[in-house]
Amino acid sequence: MTEYSPMCQEQFDEKDTVQYIKSYMFIKGFAVGRDLKQTMIALSLARKLHDGQHRKDGTPYFSHPLKVCSTLISYGICDDVVLAAALLHDVLEDCADKLPGGGEELVNQYGLNREVLEIIETLTKCSGLNDQQLAAYFQKIQANPKAALIKLSDRLHNSSTLYTFTVPKMRKYIRETAVFLLPMASYCKKYYPVYSNAFGILKTGIESMNHSMDVMLQKIEELTSSAAQ
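Residue numbering for the sequence shown is 59 to 287, as defined by the numbering used here.
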């Protein structure tokens, strides 16, 4: 196994936003204080794997898993496996060129638990899924409360940047949230009592965000229709 130290001295440069750095140091401090070894490994590894990637709004891509993880911490989640998987939840989709072994490197080379990889695999989504395939995808996530926490936190953050989407993609995203994500959140809140508070807060936040985005989309469509007349 390759020695991989998550405790090396961090170096940030001008491309790293203040919020990015604050989130990184917040998660690191939380992980160190609670001796969350998996989270400490995942924090440095996710930064390495997402290096050079950016979101549609131009921010470093790593700011997204940082937000997903820090949101879960703020909602009372301190499970080492959950937080580690949250930090790495997109690596199989977005960093495949750096993981030629299909993610097995996370376990065999970097020392992460097999459960972390299994959660990431559960969350990894193929593009172009129809409703039946989407239902199966979300059903699999719903069966794993740890994966469900990450997916809902992921959706909450992505919904906050929905303005960067095209109108068709925005419409699809809003519908997917209403049809699949919110029912999943309700189910998880009811049947996974150990995480019920977190699921409840995530559901409320996603509902509010989805409603706001739906209203904004209607306004955009009204303006587009008026301009075409």
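C-beta atoms are modelled at their ideal positions from N, C-alpha and C, and glycine is treated no differently.
query: Between V165, L281, S266 and A143, which lies nearest to T182 when the distance is taken from Cα to Cα?
result: Checked all of V165, L281, S266 and A143; the closest Cα to T182 is A143.
- prompt: Assuming E162 and V139 make a contact with CB atoms under 8 Å, what is their CB distance in whole Å?
  reply: E162 to V139, Cβ: 17 Å. No contact.
query: What are the boundary residues of the alpha helix (DSSP H) that Y245 is part of?
result: In this chain, the alpha helix (DSSP H) harbouring Y245 covers L240 to Y249.
- prompt: In angstroms, rounded to a whole number, what distance separates the CA positions of T224 and D93?
  reply: Straight-line spacing of the CA atoms in T224 and D93 works out to 42 Å.
task: Measure the CB-CB distance between L145 and P123 and report whether it falls below 8 Å.
output: Yes, these two residues count as a Cβ contact at 8 Å.
task: Report, in whole angstroms, the separation of the C-beta atoms of M83 and V90, which I expect to be a contact under 8 Å.
output: About 10 Å separates the beta carbon of M83 from that of V90, a gap too long to meet the 8 Å contact definition.
message: Measuring only the C-alpha atoms, how far is T262 from S284?
response: Their backbone Cα atoms lie some 33 Å apart in a straight line.
- prompt: Any idea if K125 is buried or exposed, counting beta-carbon neighbours within 10 angstroms, 16 or more meaning buried?
  reply: By the 10 Å Cβ count, K125 comes out buried.
query: Taking DSSP as the reference, what is the three-state secondary structure of H112?
result: In the structure shown, H112 falls within a strand segment according to DSSP collapsed to helix, strand and coil.
message: In the DSSP assignment, the alpha helix (DSSP H) including K183 goes from what residue to what residue?
response: No alpha helix (DSSP H) contains K183, which DSSP labels as neither H nor E.
query: Thinking C-alpha only, which one of Y195, D152, T222 and Q197 is nearest D109?
result: Out of Y195, D152, T222 and Q197, D152 has the C-alpha closest to the C-alpha of D109.
Straight-line gap, Q67 to Q191 (C-alpha atoms, nearest Å): No answer about Q67 holds up, because its pLDDT of 47 lies below 50 and its placement is not dependable.
query: Buried or exposed: which applies to H147, given that a residue is buried once 16 or more other Cβ atoms fall within 10 Å of its Cβ?
result: It counts as buried.
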